[in-house]
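J.: Here you go, one structure.
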Amino acid sequence: MTTALLVAALLMGFFGSPHCLGMCGGLVTAFGLSMKDVSPTKRRALVATYHLGRLTSYAFLGLMAGLIGTTVLEPLMKGNSTPRILLGLVLVFVGVTMLGAPFLKNLERFGMRFWQYLSPLRQKVFPLNTFPRALTAGLLWGFLPCGLVYGALLIAVVAHNPLSGAALMFVFGLGTVPMLVATHETVGWLRDKIGRFRLRQLNGAVMVLSGLAVVFVPIVMSSMHGGHDMSNMQGDHMQMSDSEMMDMPMDMPMDMPMDMPMDMPMDTNMDHSSHHMMPTDNSTTPQGMDHSMHDMSDGAINMNHDEHSEMMEQAQ
Numbered sequence: 155m156t157t158a159l160l161v162a163a164l165l166m167g168f169f170g171s172p173h174c175l176g177m178c179g180g181l182v183t184a185f186g187l188s189m190k191d192v193s194p195t196k197r198r199a200l201v202a203t204y205h206l207g208r209l210t211s212y213a214f215l216g217l218m219a220g221l222i223g224t225t226v227l228e229p230l231m232k233g234n235s236t237p238r239i240l241l242g243l244v245l246v247f248v249g250v251t252m253l254g255a256p257f258l259k260n261l262e263r264f265g266m267r268f269w270q271y272l273s274p275l276r277q278k279v280f281p282l283n284t285f286p287r288a289l290t291a292g293l294l295w296g297f298l299p300c301g302l303v304y305g306a307l308l309i310a311v312v313a314h315n316p317l318s319g320a321a322l323m324f325v326f327g328l329g330t331v332p333m334l335v336a337t338h339e340t341v342g343w344l345r346d347k348i349g350r351f352r353l354r355q356l357n358g359a360v361m362v363l364s365g366l367a368v369v370f371v372p373i374v375m376s377s378m379h380g381g382h383d384m385s386n387m388q389g390d391h392m393q394m395s396d397s398e399m400m401d402m403p404m405d406m407p408m409d410m411p412m413d414m415p416m417d418m419p420m421d422t423n424m425d426h427s428s429h430h431m432m433p434t435d436n437s438t439t440p441q442g443m444d445h446s447m448h449d450m451s452d453g454a455i456n457m458n459h460d461e462h463s464e465m466m467e468q469a470q
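Just so you know, we're using the numbering used here here: the sequence shown kicks off at 155 and counts up by one.
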């Protein structure tokens with residue numbers, strides 16, 4: 155998992171956190187009312203504790219999402235570019251969701267059923283006047299249905315391994331913390347700035363463009379690089395052929411091996427030595443054939459001397 159993906163998750167949490175106030179605002183208010191009898195110092199510690207519990211739940215969900223991606227998807231995508239393409243498509247999907255497309259509304263409704271199932275446990279953590287209760291409240295809070303969380307989980311599925319999925323979801327949760335721990339005045343300022351500059355929509359557009367780049371840029375670069383290599387190979391081949399044709403003698407025999415050095419001196423004694431190396435044992439060669447072979451060798455020697463003399467005269 156690259157640093158860019160972690161940064162994308164952090165910005166996704168931060169710029170999407172105004173959406174979180176719609177779902178989590180009431181829960182944060184209830185937590186604050188339950189801590190009205192504790193000191194300000196302990197209140198801050200309790201707030202940090204339940205946020206730690208929430209981030210722990212996010213990391214657990216990311217771990218499970220990464221495990222699903224590793225065990226189910228990765229065996230089907232080895233040796234090809236499918237993981238990269240799937241990551242790009244998920245980024246595009248999440249970016250379009252941040253732009254306002256209601257793709258995850260049905261998933262939020264399904265998650266609400268599970269949240270209602272946890273209602274008896276949620277009732278037992280109030281009031282949040284102890285650290286174990288605050289930690290438990292935060293762990294339960296991490297399962298509150300949220301389309302933004304589900305979008306981050308989709309990225310965690312394609313994060314290549316469970317630990318990367320856990321880290322991605324933890325960083326996503328960190329991005330949501332400033333909005334959820336801010337005072338009323340700070341919350342209003344943050345919401346105004348994010349809404350005025352359309353930072354959530356801008357982040358969604360960046361994620362869409364990033365996803366498209368992840369999918370298509372390697373394909374385009376590979377195509378361009380392949381064509382460049384092919385043109386270089388053709389140019390080198392043509393250049394080598396031209397140089398070889400310039401150095402090639404016009405009277406070179408057609409059956410000469412192409413890998414023979416063109417400037418190799420010819421050994422005029424080769425045929426003489428081969429003539430002396432011929433077997434002379436009459437027991438292994440018929441006598442008639444022996445005289446014929448001897449005459450043919452002498453003729454070949456004379457022809458080689460004549461050809462060599464002609465080639466020397468042409469060279470001069």
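Positions of the beta carbon are idealized from the N, C-alpha and C atoms, including for glycine.
Taking F297 as the reference, which of V374, L275, E228, F280 has the closest Cα?
T.: L275
J.: Kindly indicate which three-state DSSP category S235 falls into: helix, strand or coil?
T.: Coil, per DSSP.
J.: So what does DSSP say about R352, is it helix, strand or coil?
T.: coil
J.: Take A288 and list the residues in its own chain whose beta-carbon comes closer than 6 Å to its own, dropping the five residues that flank it on each side.
T.: So the qualifying residues of the chain are L200, T203, Y204, L282.
J.: Would you check if the distance between the CB atom of P316 and the CB atom of L221 is smaller than 8 Å?
T.: Going by beta carbons, P316 and L221 fall inside the 8 Å limit.
J.: Would you call P172 buried or exposed, if buried means 16 or more other Cβ atoms sit within 10 Å of its Cβ?
T.: buried
J.: Whole angstroms is fine: what's the gap from L344's alpha carbon to M333's?
T.: C-alpha of L344 to C-alpha of M333: approximately 7 Å in a straight line.
J.: Would you report the Cα separation of C174 and M231, rounded to the nearest angstrom?
T.: 34 Å
J.: Nearest-angstrom Cα distance between V303 and V182?
T.: Distance from the CA of V303 to the CA of V182, rounded to the nearest whole angstrom, comes to 17 Å.
J.: When you compare the CB positions of G301 and A310, do they come within less than 8 Å of one another, or not?
T.: no
J.: Under the rule that 16 or more other beta-carbon atoms within 10 Å means buried, what is A313, buried or exposed?
T.: buried
J.: Where does the unbroken alpha helix (DSSP H) through F168 begin, and where does it stop?
T.: 157-188
J.: On the criterion of 16 or more Cβ atoms from any shown chain inside 10 Å, does A158 qualify as buried, or is it exposed?
T.: exposed
J.: Return yes when the Cβ of S211 is within less than 8 Å of the Cβ of L308, no when it is not.
T.: Cβ distance not < 8 Å, so L308 and S211 don't count as in contact.
J.: So, using beta-carbon positions, are G216 and M323 closer together than 8 Å?
T.: yes
J.: Do A219 and F326 count as a contact pair if the criterion is CB distance below 8 Å?
T.: no
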